[in-house]
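S.K.:
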Amino acid sequence: MEIIMSIVAGLLFTTGVYNLLQKQLLRIAIGTALISHGAHLFILTMGGLKGGAPPILVEGIEHYTDPLPQALILTSIVISFGVTSFLLVLAYRASEANGTDNIEQLRGNDYE
Amino acid sequence: MLFAVLLPFIASIFIPFLARMKNRIHTGIFVTLIPLIVFLYFIQFIGTGFQPVTRSYTWIPSLNMNMNFYLDGLSLLFVLLISGIGTLVAFYSIYYLHKSEQLGNFYVYFLIFMGSMLGVVLSDNVFVLYSFWEFTSLSSFLLIGYWNHRRGSRYGSLKSLLITVFGGLSMLGSLVFMSVITNTTSIQQMIAQKSIILNHEFFPLILGLLLLGAFTKSAQFPFHIWLPDAMEAPTPVSAYLHSATMVKAGIYLVARYIPIFAESEWFFVVVSGFGIITLMWASYMAVRQTDLKGILAFSTISQLGMIMAMLGFGTKAAIFGAVFHILNHATFKGSLFMVAGIVDHETGSRDIRKLGGLMTFMPITATLAVLATFSMAGFPLPFLNGFYSKEMFFGATLEFEATSNALAAYLQQVLPYLAVFGSIFTFVYSMYFFFGTFRGKANVSELPKKPHEAPIGMLISPAILVLGVIVIGLFPELINKPFISHAAASIYGGDVDKHIYFWHGINLPLIMSMAVLAFGTILVLTRTKWEPIYRFIPGPLSMNKVYDGLVKRAETYSEKITKGYMNGSLGRYFRLILSAILIVTFGFMISTGGFTFSMENTAEFTAIELLVAIMMVVAAAGTIVANNRVAAIIILGVVGYGLSILFVIYRAPDLALTQLIVETVTVALFLMTFNHLPKLEVRQQPWSTKALNLIISLGFGTLMTLVAISSHSSKWFESISTYFIENSYKLGGGDNIVNVILVDMRGLDTLFEITVLGIAALGIFGMIKLRKNKKGDV
Chain S
1 MEIIMSIVAG
11 LLFTTGVYNL
21 LQKQLLRIAI
31 GTALISHGAH
41 LFILTMGGLK
51 GGAPPILVEG
61 IEHYTDPLPQ
71 ALILTSIVIS
81 FGVTSFLLVL
91 AYRASEANGT
101 DNIEQLRGND
111 YE
Chain D
1 MLFAVLLPFI
11 ASIFIPFLAR
21 MKNRIHTGIF
31 VTLIPLIVFL
41 YFIQFIGTGF
51 QPVTRSYTWI
61 PSLNMNMNFY
71 LDGLSLLFVL
81 LISGIGTLVA
91 FYSIYYLHKS
101 EQLGNFYVYF
111 LIFMGSMLGV
121 VLSDNVFVLY
131 SFWEFTSLSS
141 FLLIGYWNHR
151 RGSRYGSLKS
161 LLITVFGGLS
171 MLGSLVFMSV
181 ITNTTSIQQM
191 IAQKSIILNH
201 EFFPLILGLL
211 LLGAFTKSAQ
221 FPFHIWLPDA
231 MEAPTPVSAY
241 LHSATMVKAG
251 IYLVARYIPI
261 FAESEWFFVV
271 VSGFGIITLM
281 WASYMAVRQT
291 DLKGILAFST
301 ISQLGMIMAM
311 LGFGTKAAIF
321 GAVFHILNHA
331 TFKGSLFMVA
341 GIVDHETGSR
351 DIRKLGGLMT
361 FMPITATLAV
371 LATFSMAGFP
381 LPFLNGFYSK
391 EMFFGATLEF
401 EATSNALAAY
411 LQQVLPYLAV
421 FGSIFTFVYS
431 MYFFFGTFRG
441 KANVSELPKK
451 PHEAPIGMLI
461 SPAILVLGVI
471 VIGLFPELIN
481 KPFISHAAAS
491 IYGGDVDKHI
501 YFWHGINLPL
511 IMSMAVLAFG
521 TILVLTRTKW
531 EPIYRFIPGP
541 LSMNKVYDGL
551 VKRAETYSEK
561 ITKGYMNGSL
571 GRYFRLILSA
581 ILIVTFGFMI
591 STGGFTFSME
601 NTAEFTAIEL
611 LVAIMMVVAA
621 AGTIVANNRV
631 AAIIILGVVG
641 YGLSILFVIY
651 RAPDLALTQL
661 IVETVTVALF
671 LMTFNHLPKL
681 EVRQQPWSTK
691 ALNLIISLGF
701 GTLMTLVAIS
711 SHSSKWFESI
721 STYFIENSYK
731 LGGGDNIVNV
741 ILVDMRGLDT
751 LFEITVLGIA
761 ALGIFGMIKL
771 RKNKKGDV
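Those sequence lines, one after another, are chains S and D. According to the working numbering, the first sequence holds residues 1 to 112 in order. According to the working numbering, the second sequence holds residues 1 to 778 in order.
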């Protein structure tokens with residue numbers, strides 16, 4: 001199952017990067033969201049799937065799933081939420097202020 | 001001794017604080033004390049019974065870089081020059097620099113220079129020497145650019161930095177070579193193993209690179225061009241760095257390595273050849289100058305060429321003459337720079353065409369100038385030191401050992417003529433400097449200020465130096481045995497027992513001196529007739545054009561290259577960054593055999609997981625093709641919810657919950673903002689861009705998949721998770737291990753995570769609330 005999940009994570013990365021390479025800010029925001037999903041699945045898969053019971057201590061159970069990747073992912077979910085929302089508002093303000101959301105037109109002034 | 005070298009550096013730390021009260025006490029007063037202390041410390045070493053002193057201080061022993069100081073006659077000569085002239089220059093600068101200038105900066109650079117220059121001439125460790133060497137280049141750069149609002153200052157400082165650092169790096173190459181093949185970083189130990197260096201196959205390279213460093217630093221032809229532009233520096237700096245000390249670092253380096261290199265005949269050809277060309281070319285160029293400091297700059301270059309040529313001869317008499325001339329040159333040229341500074345300060349002009357007849361206004365300055373210029377010209381008078389060393393130079397060009405090298409033999413034959421030729425122009429510019437400034441018709445009305453004699457404090461320093469000229473001239477034996485002969489001995493490698501006489505009887509060197517005097521006088525008297533030639537040569541031959549061309553080209557090409565990839569398109573930057581990641585990671589993984597594949601230890605396969613996975617992949621692909629904003633956002637939500645289902649399946653209840661909440665909020669946020677964003681356009685990218693994007697994204701996905709599989713397939717070490725499982729309850733008092741990790745064991749991480757969220761929230765708030773006001777400001 002890990003192999004399949006690795007492939008799924010890879011595909012999430014693929015679609016995320018493809019969106020990231022587009023010109024419109026909304027697509028870029030979607031791209032970053034997809035990449036974070038991919039990264040979460042990636043971390044979880046690397047730690048091994050279904051290694052035991054959920055990591056909540058219950059008497060009589062010896063084997064638990066690896067809790068460390070879960071702690072990392074939990075942090076990451078929250079951070080990526082912050083990033084996505086910041087990016088969205090940035091996109092909203094940028095397109096409002098400049099009248100376009102096409103990053104090719106949002107270039108800075110030419111050198112000199 | 002370490003303290004003596006570090007004292008200027010330590011003092012420079014306090015200068016900014018002292019500079020704050022510059023209105024009450026001129027900062028220069030404190031600074032004058034520093035070189036004076038150093039000078040008084042080192043002067044005790046002078047004496048007939050002087051023996052080299054070694055002091056070692058550990059610095060970075062693991063790299064073989066230690067502060068090993070070696071004080072022999074040569075170092076002592078330089079140390080006393082640096083600290084002695086340093087004292088006089090610092091004192092002079094008190095009157096030269098007004099309190100309204102940025103005195104703090106000036107004196108910090110000044111002290112850094114002094115400390116590093118002491119380091120250069122005292123270090124026995126080649127890498128310590130190199131570090132100090134570059135520090136002198138750097139402080140010279142800062143001092144030339146001191147008046148950084150002037151265009152000329154900026155140009156001059158950059159030029160000096162580019163040329164001297166270029167040479168410094170070449171020198172480093174040579175030093176590394178030598179330390180590798182002799183397996184030591186000490187100069188003295190290299191000298192002890194000189195046969196290894198001399199017989200090494202790379203010897204020509206070692207010699208060439210080292211001389212490149214020395215030639216650029218000591219402004220030898222064709223690298224001399226930076227020195228005239230360095231005259232933009234305040235005059236005390238020109239007197240100190242660009243005449244008496246820093247430009248002699250190259251001379252020092254050559255002298256230091258003479259015990260090794262002098263055995264090679266090419267050393268004579270290259271060093272003396274370039275030295276004599278420099279002497280002739282620069283003394284000719286000096287005659288063309290109209291700026292007082294310009295004359296002095298070219299004069300310095302030509303005198304350095306003369307010293308260099310003498311070092312190249314390698315004979316006992318030549319080395320003695322070279323050492324003697326280092327000292328003499330410092331006395332008369334230092335005082336002349338100060339005189340030029342006084343003239344500039346009191347008349348407001350350094351243009352020799354406007355000056356003239358100043359003798360009546362500034363009698364004391366004129367007296368100092370006449371003594372110094374006549375000494376520089378090598379005028380045969382028994383109280384001018386310049387004549388002695390010039391005579392030794394002529395003498396040295398006449399006595400060579402026989403050589404088998406054809407080029408060297410030829411050079412030996414023509415050297416006396418070239419020496420006379422160069423000295424004629426030396427005579428001409430010396431006279432031109434004095435008579436043009438102090439004699440002739442005074443045209444006071446053209447000068448910016450009404451000329452008058454300088455304040456007494458400004459005259460003291462040049463007066464002391466001129467006194468040195470006369471004392472050495474009258475009693476040359478006074479400094480011979482206790483001082484000069486030690487310096488010459490440490491270069492020559494054996495006792496140098498020379499006597500300095502004024503009258504040798506009528507011999508060839510005297511006749512050469514007389515020829516210089518005669519031709520020089522003729523040229524001075526008929527100066528106006530030669531003007532057209534002076535104006536015509538060198539014209540387009542100037543090395544400055546080569547330098548300017550190189551710098552300009554370097555700038556245009558680097559701008560072209562940078563603009564070639566930095567075109568301001570974010571998409572392009574993404575592509576470049578991602579491609580770089582792909583190339584580097586794939587390259588690394590393949591070259592180290594990092595990709596592994598193993599089916600062991602995999603979880604069992606179930607249909608429901610597969611179903612969710614397929615749903616997610618389809619939805620993710622859907623975001624690309626969707627052309628409707630709402631559709632794209634909802635499809636994105638499908639991916640997120642799918643992920644939370646996977647978290648449930650994979651026994652991660654906390655993650656599933658969090659993901660569910662976050663996904664809901666995110667989708668809500670997307671739906672709130674999408675209305676304000678323009679509609680998704682139907683993509684009209686060219687086919688090639690689409691293909692490129694597809695390749696990059698597929699490559700990235702493949703990479704991540706392979707890395708995930710490899711990391712699962714290879715087990716390099718035991719998981720540390722057991723620690724958390726075992727201690728969650730014991731240490732954290734919680735059953736939910738993930739929670740204990742987050743809030744307890746890795747609590748600080750979580751704190752920062754909250755901080756990040758807080759910053760994001762503040763940023764969002766700011767972006768929404770802050771609007772441009774009517775004027776357009778934020």
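Backbone N, C-alpha and C define an ideal beta-carbon position, used for all residues, glycine too.
Quick one, are the C-beta atoms of V117 of chain D and I144 of chain D less than 7 Å apart?
M.R.: Numbered from its first residue, the second sequence carries residue 117 of chain D at position 117. Numbered from its first residue, the second sequence carries residue 144 of chain D at position 144. The question names Val, yet the displayed sequence has Met at residue 117 of chain D. Going by C-beta atoms, M117 of chain D is not nearer than 7 Å to I144 of chain D.
S.K.: Report all residues from its chain with a CB closer than 8 Å to the CB of G776 of chain D; omit the five preceding and five following residues, and keep chain order.
M.R.: Counted from its first residue, the second sequence places residue 776 of chain D at position 776. Caution is warranted here: a pLDDT of 44 is assigned to G776 of chain D, below 50, making its placement in the model unreliable, and no coordinate value can be reported.
S.K.: Once the 5 residues before and after D72 of chain D are set aside, which same chain residues still bring their CB inside 6 Å of it?
M.R.: Working through the second sequence from its first residue, we reach residue 72 of chain D at position 72. Contacts found: P52, S490.
S.K.: At the 7 Å Cβ level, is E112 of chain S part of the contact set with chain D, yes or no?
M.R.: Along the first sequence, one-based indexing puts residue 112 of chain S at 112. Note that E112 of chain S scores 38 on pLDDT, short of 50, meaning its location in the model is unreliable; the coordinates nonetheless yield the value given after this. Not closer than 7 Å to any Cβ of chain D, the Cβ of E112 of chain S fails to qualify, so no.
S.K.: So if I threshold CB-CB distances at 8 Å, which residues from the segment 717–733 of chain D count as touching chain C?
M.R.: Of the chains in the structure shown, none is chain C; the protein chains are S and D.
S.K.: Can you list, in chain order, the residues of its chain with a C-beta nearer than 8 Å to that of P204 of chain D? Leave out the 5 residues immediately preceding and following it.
M.R.: For the purposes of this step, residue 204 of chain D is taken as residue 204 along the second sequence, with counting starting at 1. These residues qualify, in order along the chain: W266.
S.K.: So, are the CB atoms of G321 of chain D and F268 of chain D less than 7 Å apart?
M.R.: For the purposes of this step, residue 321 of chain D is identified with residue 321 of the second sequence, where counting begins at 1. For the purposes of this step, residue 268 of chain D is identified with residue 268 of the second sequence, where counting begins at 1. In this structure, F268 of chain D does not lie closer than 7 Å to G321 of chain D by Cβ.
S.K.: Please list, in chain order, the chain S residues whose beta carbon lies closer than 8 Å to that of G564 of chain D.
M.R.: The sequence position of residue 564 of chain D within the second sequence is 564, counting from 1. Within 8 Å Cβ-Cβ: nothing; G564 of chain D doesn't reach chain S, min ~12 Å.
S.K.: Closer than 6 Å by C-beta to K23 of chain S: which residues in its own chain qualify, once you throw out the five before and the five after it? Chain order, please.
M.R.: On the first sequence, residue 23 of chain S is found 23 positions in, with the first residue counted as 1. So the list reads N102, I103, E104, once near-sequence residues are dropped.
S.K.: How many angstroms separate the CA atom of I196 of chain D from the CA atom of E399 of chain D?
M.R.: What you label residue 196 of chain D is simply residue 196 of the second sequence in a count that begins at 1. What you label residue 399 of chain D is simply residue 399 of the second sequence in a count that begins at 1. Distance between the alpha carbons of I196 of chain D and E399 of chain D: 30 Å.
S.K.: What's the call for V639 of chain D, buried or exposed, on a 16-neighbour Cβ count within 10 Å?
M.R.: Translated into the one-based positions of the second sequence, residue 639 of chain D becomes position 639. Flag for V639 of chain D reads buried.
S.K.: Looking at the secondary structure, which residues open and close the beta strand (DSSP E) in which W838 of chain D lies?
M.R.: Because chain D in this structure spans residues 1 to 778, residue 838 of chain D falls outside the shown range and cannot be described.
S.K.: Looking only at its own chain, which residues have a Cβ that is under 8 Å from the Cβ of F784 of chain D, when we skip the five neighbours before and after it?
M.R.: Since the first residue shown for chain D is 1 and the last is 778, residue 784 of chain D is missing from the structure and cannot be characterised.
S.K.: List, in order along the chain, the chain S residues whose C-beta lies closer than 8 Å to that of H676 of chain D?
M.R.: For the purposes of this step, residue 676 of chain D is taken as residue 676 along the second sequence, with counting starting at 1. The answer, in chain order, is Y92, S95, E96.
S.K.: Would a check of beta-carbon distances place Y417 of chain D closer than 7 Å to chain S?
M.R.: As a working note, residue 417 of chain D is residue 417 in the second sequence. Closer than 7 Å: no.
S.K.: Closer than 6 Å by C-beta to K715 of chain D: which residues in its own chain qualify, once you throw out the five before and the five after it? Chain order, please.
M.R.: Locating residue 715 of chain D in the second sequence gives position 715, where the first residue counts as 1. Closer than 6 Å at Cβ, skipping near neighbours: no residue.
S.K.: According to DSSP, simplified to helix, strand and coil, what is L11 of chain S?
M.R.: Position 11 of the first sequence, counted from the first residue, corresponds to residue 11 of chain S. Of the three classes helix, strand and coil, the one that applies to L11 of chain S here is helix, per DSSP.
S.K.: Anyone know if the C-beta pair for M338 of chain D and A233 of chain D falls short of 7 Å?
M.R.: Numbered from 1 along the second sequence, position 338 holds the residue referred to as residue 338 of chain D. Numbered from 1 along the second sequence, position 233 holds the residue referred to as residue 233 of chain D. Contact: no.
S.K.: State the CB to CB distance for the pair L41 of chain S and L646 of chain D, rounded to an integer number of angstroms; the pair is presumed to be in contact (CB under 8 Å).
M.R.: Within the first sequence, the letter at position 41 stands for residue 41 of chain S. Within the second sequence, the letter at position 646 stands for residue 646 of chain D. L41 of chain S to L646 of chain D, Cβ: 7 Å. Contact.
S.K.: Can you give me, in chain order, the residues of the segment 592–611 of chain D that have a beta carbon less than 8 Å from any beta carbon in chain S?
M.R.: Listed by position along the chain: M599, N601, T602, A603, E604, F605, T606, E609, L610.
S.K.: Kindly say whether Q105 of chain S, judged by its beta-carbon, lies nearer than 7 Å to any beta-carbon of chain D.
M.R.: Translated into positions along the first sequence, residue 105 of chain S becomes position 105. Answer no: the Cβ-Cβ gap between Q105 of chain S and chain D never drops below 7 Å.
S.K.: Please decide whether H37 of chain S counts as near chain D, where near means a Cβ-Cβ distance under 7 Å.
M.R.: Here residue 37 of chain S corresponds to residue number 37 of the first sequence, with the count starting at 1. Interface residue, yes.
S.K.: Is the separation between the beta-carbon of S461 of chain D and that of L172 of chain D shorter than 7 Å?
M.R.: Here residue 461 of chain D is taken as the residue at index 461 of the second sequence, counted from 1. Here residue 172 of chain D is taken as the residue at index 172 of the second sequence, counted from 1. Not in contact: S461 of chain D and L172 of chain D (Cβ atoms no closer than 7 Å).
S.K.: Identify which residue in D:L550, D:G622, D:Y107 has its Cα closest to the Cα of I13 of chain D.
M.R.: The sequence position of residue 13 of chain D within the second sequence is 13, counting from 1. Closest by alpha carbon: D:Y107.
S.K.: Beta-carbon separation of P451 of chain D and L358 of chain D under 7 Å?
M.R.: As a first step, residue 451 of chain D is located in the second sequence; it is residue number 451 there, counting from the start. As a first step, residue 358 of chain D is located in the second sequence; it is residue number 358 there, counting from the start. Taking 7 Å as the Cβ cut-off, P451 of chain D and L358 of chain D qualify as a contacting pair.
S.K.: Which residue from D:A620, D:A515, D:A761, D:F433 puts its Cα closest to that of A9 of chain S?
M.R.: By 1-based counting over the first sequence, the position of residue 9 of chain S is 9. When each option's Cα is compared against that of A9 of chain S, the closest is D:A620.
S.K.: Kindly indicate if chain S contains any beta-carbon less than 7 Å away from that of G571 of chain D.
M.R.: Within the second sequence, the letter at position 571 stands for residue 571 of chain D. Taking Cβ atoms only, chain S reaches closer than 7 Å to G571 of chain D, which makes this a yes.
S.K.: Taking all protein chains shown into account, do 16 or more other C-beta atoms lie within 10 angstroms of the C-beta of A488 of chain D, making it buried, or fewer, making it exposed?
M.R.: The residue given as residue 488 of chain D occupies position 488 in the second sequence. With 16 or more Cβ atoms within 10 Å of its Cβ, A488 of chain D is classed as buried.
S.K.: Check whether the Cβ atoms of S36 of chain S and L669 of chain D sit closer than 7 Å, and answer yes or no.
M.R.: Locating residue 36 of chain S in the first sequence gives position 36, counting from the first residue. Locating residue 669 of chain D in the second sequence gives position 669, counting from the first residue. No. Outside cutoff.
S.K.: Rounding to the nearest angstrom, what Cα-Cα distance links I10 of chain D and G28 of chain D in this structure?
M.R.: Taking the second sequence and counting its residues from 1, one reaches residue 10 of chain D at position 10. Taking the second sequence and counting its residues from 1, one reaches residue 28 of chain D at position 28. I10 of chain D and G28 of chain D: Cα-Cα distance of roughly 16 Å.
S.K.: Give the secondary structure of N601 of chain D by DSSP, where H, G and I count as helix, E and B as strand, and everything else as coil.
M.R.: Taking the second sequence and counting its residues from 1, one reaches residue 601 of chain D at position 601. Note: N601 of chain D maps to coil in three-state DSSP.
S.K.: Leaving out five residues on either side along the sequence, give the residues of the same chain with a beta carbon under 8 Å from the beta carbon of G168 of chain D.
M.R.: Locating residue 168 of chain D in the second sequence gives position 168, counting from the first residue. Here the set comprises Y130, W133, E134, S137, G213, T216, K217.
S.K.: Going straight from the alpha carbon of T290 of chain D to that of H26 of chain D, what length do you get?
M.R.: Your numbering for residue 290 of chain D matches position 290 in the second sequence. Your numbering for residue 26 of chain D matches position 26 in the second sequence. For T290 of chain D and H26 of chain D, the distance between alpha carbons rounds to 33 Å.
S.K.: What is the residue span of the alpha helix (DSSP H) that Y95 of chain D lies within?
M.R.: Indexing the second sequence from 1 puts residue 95 of chain D at position 95. Looking at the DSSP string, the run of the alpha helix (DSSP H) that includes Y95 of chain D is 73–96.
S.K.: DSSP beta-bridge partners for S123 of chain D?
M.R.: Mapped onto the second sequence, residue 123 of chain D falls at position 123. For S123 of chain D, which the question treats as bridged, DSSP gives the partners D:F69.
S.K.: So for A691 of chain D, helix, strand or coil by DSSP?
M.R.: To locate residue 691 of chain D, count along the second sequence from 1; it is residue 691. Reduced to three states, the DSSP call for A691 of chain D is helix.
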